[in-house]
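Okay, so here's the structure we're looking at.
Residue numbers (my numbering): 8 to 300.
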């Protein structure tokens with residue numbers, strides 16, 4: 008039997024994405040090369056996938072192999088990182104998750120700075136909502152994440168990173184725009200456009216309103232901050248979003264911030280598994296965040 012690290016990398020990438028083409032992109036192979044690696048692995052271990060069109064779904068055997076394959080890959084990374092540390096270098100891979108607001112508006116610049124400082128580290132960024140990132144962290148698909156919502160999982164370490172503020176926004180033609188403020192009664196009766204369930208922004212928003220004995224009415228959900236901003240600009244409702252995501256539109260007059268009787272602060276947090284060794288890339292990334300918090 009001759010199972011290679013590359014085959015396990017392709018299997019892990021397909022398990023996460025369900026697509027051979029996406030897996031090939033993630034591990035820097037051609038699609039033909041990734042397919043060949045999977046065929047060679049299945050020739051040794053038996054069928055690992057159920058196939059539906061172009062999508063691949065791990066069967067029970069495949070889940071077993073993928074889970075243990077990830078452990079092997081982590082151990083190999085730890086070996087290389089340990090040797091690099093002995094030589095005074097930072098080497099390996101860094102898989103970072105960012106909840107939607109952080110992943111779009113903050114993390115690309117941070118990761119770019121990290122790669123300039125540590126060119127021997129291969130970085131990847133996953134942008135999902137907070138709930139999804141916690142699952143991926145527990146499953147070993149990412150090394151660490153920056154999130155917007157609270158985490159209660161006992162196996163996850165959560166550490167304060169920086170503060171953020173949510174604000175209520177309307178379109179320039181909305182009745183609230185002229186006065187620039189809204190009462191508690193108006194907030195309660197308003198039609199809200201919200202992020203999807205599992206979003207850290209939505210969870211903080213709903214907790215803040217419940218603390219004020221208010222129950223916001225959700226007209227519809229959108230899974231992306233940019234889509235919500237366009238909907239508000241078109242006059243479809245009201246939203247509560249991070250101020251850093253709407254600063255440009257407020258400055259240009261495309262959106263209007265409305266003052267409300269209470270503030271909605273939140274903490275952005277760094278998370279990783281409690282019992283996992285913090286290898287060189289994660290340690291340096293964590294250190295950079297503390298420097299720039």
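From the three backbone atoms N, C-alpha and C, an ideal C-beta is built for every residue, glycine too. No experiment lies behind these values; they were computed from the predicted model shown.
Residue i to residue j span [Cα, whole Å]
i: residue 217; j: residue 198; result: 16 Å
i: residue 254; j: residue 125; result: 31 Å
i: residue 245; j: residue 139; result: 26 Å
i: residue 24; j: residue 62; result: 9 Å
i: residue 184; j: residue 112; result: 26 Å
i: residue 104; j: residue 85; result: 19 Å
i: residue 239; j: residue 220; result: 25 Å
i: residue 159; j: residue 206; result: 15 Å
i: residue 176; j: residue 136; result: 21 Å
i: residue 29; j: residue 155; result: 27 Å
i: residue 49; j: residue 132; result: 29 Å
i: residue 64; j: residue 223; result: 39 Å
i: residue 172; j: residue 273; result: 6 Å
i: residue 36; j: residue 280; result: 30 Å
i: residue 277; j: residue 170; result: 12 Å
i: residue 201; j: residue 256; result: 18 Å
i: residue 120; j: residue 298; result: 12 Å
i: residue 31; j: residue 161; result: 34 Å
i: residue 10; j: residue 234; result: 44 Å
i: residue 213; j: residue 142; result: 22 Å
Reduced DSSP category for residue i - H, G, I as helix; E, B as strand; rest coil
i: residue 128; result: strand
i: residue 26; result: coil
i: residue 297; result: helix
i: residue 268; result: coil
i: residue 231; result: coil
i: residue 113; result: coil
i: residue 245; result: strand
i: residue 152; result: strand
Nearest to residue i (by Cα), restricted to the options the options
i: residue 42; options: 27, 50, 55 and 54; result: 27
i: residue 228; options: 208, 215 and 291; result: 208
i: residue 187; options: 69, 13, 131 and 267; result: 267
i: residue 82; options: 147, 134, 142 and 40; result: 147
i: residue 261; options: 236, 271, 283 and 282; result: 236
i: residue 98; options: 213, 292 and 191; result: 292
i: residue 151; options: 9, 10, 73 and 290; result: 290
i: residue 296; options: 57, 68, 252 and 166; result: 166
Residue(s) in a DSSP beta bridge with residue i
i: residue 12; result: DSSP, once it has assigned bridges, lists no residue as partnering residue 12.
i: residue 198; result: 224
i: residue 59; result: 62
i: residue 164; result: 279
i: residue 274; result: 170
i: residue 159; result: DSSP, once it has assigned bridges, lists no residue as partnering residue 159.
i: residue 135; result: 106
i: residue 99; result: 128
i: residue 177; result: 263
i: residue 250; result: None, per the DSSP bridge assignment.
Anticipated Cβ contact below 8 Å, residue i with residue j, distance rounded
i: residue 153; j: residue 275; result: 6 Å
i: residue 180; j: residue 242; result: 6 Å
i: residue 77; j: residue 19; result: 6 Å
i: residue 101; j: residue 288; result: 4 Å
i: residue 110; j: residue 128; result: About 19 Å; that fails the 8 Å criterion.
i: residue 250; j: residue 174; result: 5 Å
i: residue 232; j: residue 107; result: 6 Å
i: residue 15; j: residue 79; result: 6 Å
Residue-level contact to chain B via CB, residue i, 8 Å cutoff
i: residue 30; result: You won't find chain B in this structure, because it holds only one protein chain.
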